[in-house]
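Since the structure comes first, as structure tokens, the remarks are kept for the end.
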Amino acid sequence: MGMTMTQKILAKHAGLDSVTAGQLIEANLDLVLGNDVTSPVAIKELEKMKVNSVFDKDKIAIVLDHFTPNKDIKSAELCKCSKTFAYKNNITNFFETGEVGIEHALLPEKGLVVAGDAVIGADSHTCTYGALGAFSTGVGSTDMAAGMATGKAWFKIPSAIKFNLIGKPAKWVSGKDVILHIIGLIGVDGALYKSMEFVGEGVKYLSMDDRFAICNMAIEAGGKNGIFPVDEKTIEYIKEHSDKEYEVFEADEDAEYDEVYDIDLSALKPTVAYPHLPENTKTIDEATKDDIKIDQVVIGSCTNGRISDIRIAAKILEGRHVAKGVRTIVIPATQAIYLQAVEEGLVSTFIKAGAAVSTPTCGPCLGGHMGILAKGEKAVATTNRNFVGRMGDVESEIYLASPAVAAASAVLGKLASPDELD
Amino acid sequence: MKAQGIVHKYGDNVDTDVIIPARYLNAPDAEELAKHCMEDIDKDFATRVNKGDIIVATKNFGCGSSREHAPIAIKASGVSCVIAETFARIFYRNAINIGLPIIECKEASLDIDNGDEVEIDFDSGVIVNKTKNHTYQGQAFPEFMQNIIKAEGLINYINNK
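Protein chains in written order, with the working numbering: chain X, 30 to 451; chain P, 88 to 248.
Rendered as structure tokens:
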């Protein structure tokens, strides 16, 4: 029986010729990731283990991105704990304020993940790197600790759902709209324990930033990982960012899938997820009829803080001003993206439009800092979760959308389509 | 290995943000986290819960963030087991890795009500609802996972190997 792309990568990392869904394996890891929230818990677990060192100082990344720049004393202590550990163990890839970016934008940009890698990260959105043709998945702090000590993790080989992408997306339709549409279709547990494999001729119309956004939210459908085949765009991206050797895996033609969905990209419309689940989707033409007045817009996060996201938001805000009463917060995901936004004049555009521009941080996405919502407030955000209380008070509301919809909403003061602007 | 206690019942898609809101993640001490367990979905849970109590929910329990603080908060609050129709995969892993017993059983997750007294046998996967006098067959763990739970988590399991 043939194997899926994910199964092939896992088989290789377990030193096996073949694997089948449901099989328990132990895989060798190419990278183990943690952040300021999850690393301290992992470090405490690691201290209980009978080991004196990490498995490979070059294959661990500690990225202090969640509650940073340190939002309070307790958060500062978490960062200090992570930093002390990183320095003690000579961790090569340790990033703090000034160098740090949001982990899932930063690691590909730094060339730390390439096609064919197997990666675990103590952050659920670690599934992002599937865009590069890698197997990557989120785990907890104990798995991170075991991974740092042994360079291995146990996995149950997942079955898969195939998403056959067809056609070219229309104007304003981005990777975010594709994944919100898919989550709306299959539900927040539609891919539970499974791989989401995105294939088809439509893939060539998706930029790397689109693919990162799509794989990033595989977890919001319950997926173990999301993954794209490696094509010219992937190779170009990897060569531009990394010296690491990569390996291209392809699903076998006779690979078995639990389900196959055809997704016609040309028929998709900008899509919004209503509170309080990412599966509560509506197309923008339906959503605008609800006339939802908003208090805040957030453009950023590991889903949508990349340069193409920042550019499209700036294009919409150029020569316009955000509506009175709408706090608009733009957060480029890494320092390199921030610098690019400065050099391209995008930051000037945002400031002239009345938006705040922040140093890279996960901040508001998880209700950490830099844009918390009060009771009854509503936000349009390019982030990835709209759970109860995610961005602040339990009675606040989050509408998940693309950067284009978020920027248009900021201008019009309500959940809006970019087509509504003159 | 068995667990027995009174049930706290919830619905679908209980996410880790409501199990332990991010505003408390800056202090990862287990006892501290337990004080705020389930706060955004069930405000008085931390004061109501007793040692040995059981959480029962329906689909996709523990979805969202990978924060291990979620199963840590549940375990530290005294909960002896979580029963659900399905668990989100990272939560499932994390619960096993820290030694919080969990069990998947659709029938039990639908039939058990808030306040019922329930007993679980982890070796056989049998769940007994003492209040209703009903019995359900849950999914027993594979041996590999039972060994991790018996060692009270992955770290002890690796240390013992």
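Where is the CB? At the ideal position from N, CA and C, for every residue including glycine.
Fair warning: this is a prediction, and the values are worked out from it, not measured in the lab.
Nearest by alpha-carbon distance to residue i: which of the options is it?
i             : options                    : result
residue 71/X  : 242/P, 247/P, 248/P        : 242/P
residue 218/P : 148/P, 208/P, 199/P        : 199/P
residue 396/X : 416/X, 268/X, 295/X, 54/X  : 416/X
residue 95/X  : 330/X, 43/X, 439/X         : 330/X
residue 59/X  : 165/X, 317/X, 450/X        : 165/X
residue 74/X  : 116/X, 169/X, 142/X, 287/X : 169/X
residue 59/P  : 214/P, 140/P, 132/P, 159/P : Residue 59/P lies beyond the range of chain P shown here (88 to 248); nothing can be said about it.
residue 294/X : 402/X, 209/X, 32/X, 147/X  : 209/X
residue 198/X : 126/X, 106/X, 299/X        : 299/X
residue 142/P : 128/P, 95/P, 152/P, 106/P  : 95/P
residue 386/X : 362/X, 405/X, 401/X, 406/X : 362/X
residue 108/X : 334/X, 411/X, 123/X        : 123/X
residue 413/X : 54/X, 126/X, 156/X         : 156/X
residue 365/X : 307/X, 270/X, 206/X        : 270/X
residue 451/X : 181/X, 118/X, 422/X, 348/X : 348/X
Compare the C-beta of residue i with all C-beta atoms of chain X and state if any pair is closer than 7 angstroms.
i             : result
residue 118/P : no
residue 181/P : yes
residue 143/P : no
residue 114/P : yes
residue 197/P : no
residue 187/P : no
residue 104/P : yes
residue 109/P : yes
residue 127/P : yes
residue 135/P : no
residue 190/P : no
residue 193/P : no
residue 155/P : yes
residue 161/P : no
residue 237/P : no
residue 152/P : yes
Under the three-state reduction of DSSP, which class applies to residue i: helix, strand or coil?
i             : result
residue 95/P  : strand
residue 428/X : strand
residue 342/X : helix
residue 255/X : strand
residue 232/X : helix
residue 161/X : helix
residue 279/X : coil
residue 75/X  : helix
residue 36/X  : helix
residue 166/X : strand
residue 125/P : coil
residue 155/P : coil
residue 84/X  : coil
residue 224/X : strand
residue 291/X : strand
residue 245/X : helix
residue 273/X : coil
Kindly say whether residue i, judged by its beta-carbon, lies nearer than 7 angstroms to any beta-carbon of chain P.
i             : result
residue 390/X : no
residue 175/X : yes
residue 129/X : no
residue 395/X : yes
residue 240/X : no
residue 416/X : yes
residue 225/X : no
residue 171/X : yes
residue 425/X : no
residue 79/X  : yes
Subject >> Three-pair Cβ contact test at 8 angstroms for the region 110–126 of chain P versus the region 94–107 of chain X >> reply: Touching, per the Cβ criterion.
Original post:
Going along the chain, which unbroken runs of the beta strand (DSSP E) with 3 or more residues stay wholly within the region 175–222 of chain P?
Top reply: Taking only runs of at least 3 residues, the beta strand (DSSP E) segments lying wholly in the region 175–222 of chain P are 189–191, 204–208, 213–216.
Subject >> Segment contact, 8 angstroms Cβ cut-off, at least three pairs: the region 156–167 of chain X with the region 63–82 of chain X >> reply: Touching, no, given that fewer than three Cβ pairs across the two stretches are closer than 8 angstroms.
Subject >> contact_flag[the region 169–181 of chain X, the region 259–267 of chain X] where n(CB pairs < 8 angstroms) is 3 or more >> reply: As far as the Cβ criterion goes, the region 169–181 of chain X does not touch the region 259–267 of chain X, which means the pair count is below three.
**OP:** Check whether the region 140–155 of chain X touches the region 212–232 of chain X, counting contact only when three or more Cβ pairs, one atom from each stretch, lie closer than 8 angstroms.
**Re:** No: fewer than three Cβ pairs fall under 8 angstroms.
Subject >> Those runs of the beta strand (DSSP E) which lie wholly inside the region 298–365 of chain X and span at least 3 residues >> reply: Look at the region 298–365 of chain X and you find these whole runs of beta strand (DSSP E), each 3 residues long or longer: 300–302, 310–312, 325–328, 356–359.
Original post:
Does the region 429–445 of chain X come close enough to the region 120–131 of chain P to have 3 or more Cβ pairs within less than 8 angstroms?
Top reply: In this structure the region 429–445 of chain X does not lie against the region 120–131 of chain P, because fewer than three pairs of beta carbons, one per stretch, are closer than 8 angstroms.
**OP:** Examine the Cβ distances between the region 130–145 of chain X and the region 107–115 of chain X and report whether three or more of them are shorter than 8 angstroms.
**Re:** The region 130–145 of chain X vs the region 107–115 of chain X: no contact.
Original post:
So does the region 314–321 of chain X actually touch the region 442–451 of chain X, counting three or more Cβ pairs closer than 8 angstroms?
Top reply: Yes, the region 314–321 of chain X is in contact with the region 442–451 of chain X.
**OP:** Specify whether the region 242–254 of chain X and the region 343–362 of chain X touch according to this definition: at least 3 beta carbon pairs, one from each stretch, less than 8 angstroms apart.
**Re:** With the cut-off at 8 angstroms, the region 242–254 of chain X and the region 343–362 of chain X do not touch.
Original post:
Should the region 83–91 of chain X be regarded as contacting the region 48–63 of chain X, the criterion being three or more beta carbon pairs within less than 8 angstroms?
Top reply: These segments touch.
**OP:** Evaluate contact between the region 238–245 of chain X and the region 275–290 of chain X, counting only Cβ atoms and requiring at least three cross-stretch pairs below 8 angstroms.
**Re:** As far as the Cβ criterion goes, the region 238–245 of chain X does not touch the region 275–290 of chain X, which means the pair count is below three.
Original post:
Looking at C-beta atoms only, is the number of pairs between the region 177–190 of chain P and the region 123–139 of chain P that lie closer than 8 angstroms three or more?
Top reply: These segments do not touch.
**OP:** Please confirm if the region 278–298 of chain X is in contact with the region 204–223 of chain X, defined as three or more CB-CB distances below 8 angstroms between the two stretches.
**Re:** Short answer: they touch.
Original post:
Contact between the region 206–213 of chain P and the region 137–144 of chain X: three or more CB pairs below 8 angstroms?
Top reply: Output reads no: the region 137–144 of chain X does not touch the region 206–213 of chain P.
**OP:** Could you pull out every unbroken beta strand (DSSP E) segment of at least 3 residues lying fully inside the region 399–429 of chain X, listed in chain order?
**Re:** Correct list: 407–410, 426–429.
Original post:
Curious, which full-length alpha helix (DSSP H) runs of at least 4 residues does the region 86–168 of chain X contain?
Top reply: As summarised for the region 86–168 of chain X, the continuous alpha helix (DSSP H) elements at least 4 residues long and confined to that stretch are 102–117, 132–138, given in chain order.
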